[in-house]
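Data block below; observations after.
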Amino acid sequence: MVRSRVYNFSAGPSALPEAVLAQAAAELMDWRGSGMSVMEISHRSAAFLQVAQQAEADLRELLAVPANYRVLFLQGGASLQFAAVPLNLANADSTVAYVNTGLWSEKAIAEARRYARVSVVADAQASGYRHVPAQAQWQIPSDARYLHYTSNETIGGVEFPFIPSVGDLPLVTDMSSHILSRPLEVSRFGLIYAGAQKNAGPAGITLVLVREDLLGRARAQTPLVMNYQHQAAEGSMLNTPATYSWYLSGLVFQWLKAQGGLAAIAKVNDHKARLLYDYLDAQAFYRNEVARADRSAMNVVFTVPDVRLEPVFVSEAAEAGLMHLKGHKRVGGLRASLYNAMPLAGVQALIVFMRDFATRHG
Ligand SMILES: *Cc1c(COP(=O)(O)O)cnc(C)c1O
């Protein structure tokens, strides 16, 4: 690690691999001998199209995306997809099914209610969003156009340990905070979307993987930039895309391939998460209340015995070079995000700090 760099546990925007930042820095003034930055060239230029196509090819390779899926690089974040999904896949009087497992599900549901009739088929709110409701209990209306769920709840630290089985019903998921953390069976889904700034790149790019048979269903008033069919036809360049974020995401994909791909990074991610959860389970000072099977490997939430210790923890950790451990403002507590770019050494350093902090304040 470069000595001035810290361990950054931010939930998003979050740490990027150092090798990616170093390459971006080296190429900033003079990209590939062009005498320009990649962010200064036309998105229609052959040079940029090559960047865009390479990023898509690498993403397809990493996730083994089947040929009948289109990959889009859009703007507006996951939050714009909360509206784009019902606009593209349902009409105002259609029923759409949602699973509510946390605050990001809530936001997706609230937005979808503006555009369709939402049926919440399973709801973990009453339990404080500490588990994933078993699928056997879900009541999916027979006329639903799709089922939406949030496969990793970034704020609550809850991750689905299974992919729901919904037969022919299109399965739609917000994978913002764990896409690319492990191999994925893309063919189980109709549509996957993810804001890049958690695990896939910088803010500004939203990845959308959409099965081709779901294109062409958008209602008439859907804004063109939100229309999957139009964006697919235009190669995500209906208007100017976020070129620099696209380029940087592409560098992240190449870094992931150099790490050995998603199976290899999943091993590292499992190791990191196991270290931290094993530590949490072996002591009594910190607590994590999420059902064990549903704990997120990416976002580890925990509390200290007295909320007044939270700011002390955060500032002492920062002094030790361990940054952004404050929980989300809506839920409080503490949170360590262990995305792909967080090295094992960062988690080890965090545990050393936590042990010392508990000794001093326990
Ligand atoms: C961060 C996050 C979002 C919001 O993403 P934006 O790109 O800021 O709109 C949505 N869903 C999940 C699961 C997230 O982690």
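Residues 9 to 370 in the working numbering are what the sequence shown lists, from first letter to last. Yeah, the Cβ is synthetic: ideal placement off N, Cα and C, and Gly gets one too. This one's a predicted model, so the numbers in the text were calculated from it and none came from an experiment.
message: Tell me whether Gly203, by its Cβ, gets closer than 7 Å to a heavy atom of ligand 1.
response: Answer for Gly203: yes, Cβ within range of ligand 1.
message: By alpha-carbon positions, which one of Leu36, Gly341, Glu324 and Gly354 ends up nearest to Asp364?
response: Of the listed residues, the one whose Cα sits closest to Asp364 is Glu324.
- request: Give me the Cα-Cα distance between Ala366 and Gly354, rounded to the nearest whole angstrom.
  value: 18 Å
query: Any contact of the region 151-160 with the region 90-97, i.e. 3+ C-beta pairs under 8 Å?
result: yes
message: Considering Cα atoms alone, identify which of Phe361, His336, Ala349 and Met350 is closest to Glu161.
response: His336
- request: Using only the heavy atoms of ligand 1, determine whether one of them is closer than 7 Å to the beta carbon of Ala250.
  value: Flag unset: Cβ of Ala250 not near ligand 1.
- prompt: So, do the region 228-244 and the region 103-113 have three or more beta carbon pairs nearer to each other than 8 Å?
  reply: Not touching, per the Cβ criterion.
Per DSSP, cross-strand counterpart(s) of His156: Tyr106 and Val180
- request: Ignore the nearest five residues each way along the sequence and tell me which others in Met9's own chain have a CB closer than 8 Å to its CB.
  value: At Met9, the pLDDT of 48 sits below 50, so the modelled position is not reliable; the number obtained from the coordinates is stated separately. Cβ neighbours of Met9 beyond the five flanking positions: Glu26, Pro351 and Ala353.
- prompt: What does a CB cutoff of less than 6 Å around Ala349 pick up in its chain, not counting 5 residues either side in sequence?
  reply: Contacts found: Ala23, Leu24 and Pro25.
- prompt: Would you report the Cα separation of Val309 and Phe197, rounded to the nearest angstrom?
  reply: 28 Å
- prompt: What residues sit near ligand 1, counting only those whose C-beta is closer than 6 Å to one of its heavy atoms, in chain order?
  reply: Gly20, Gly85, Ala86, Ser87, Trp112, Thr158, Thr162, Asp182, Ser184, Ser185, Gly203 and Lys206
query: Short check: CB of Lys206 to CB of Gly20, under 8 Å?
result: yes
message: Assuming contact is defined by CB atoms lying nearer than 8 Å, are Tyr201 and Ala281 in contact in what I supplied?
response: Ala281 is positioned such that its CB atom lies no closer than 8 Å to that of Tyr201.
task: Decide yes or no for the touch test of the region 170-186 against the region 39-53: beta carbon pairs closer than 8 Å, at least 3 of them.
output: No: the two stretches stay apart, fewer than three of their Cβ pairs being nearer than 8 Å.
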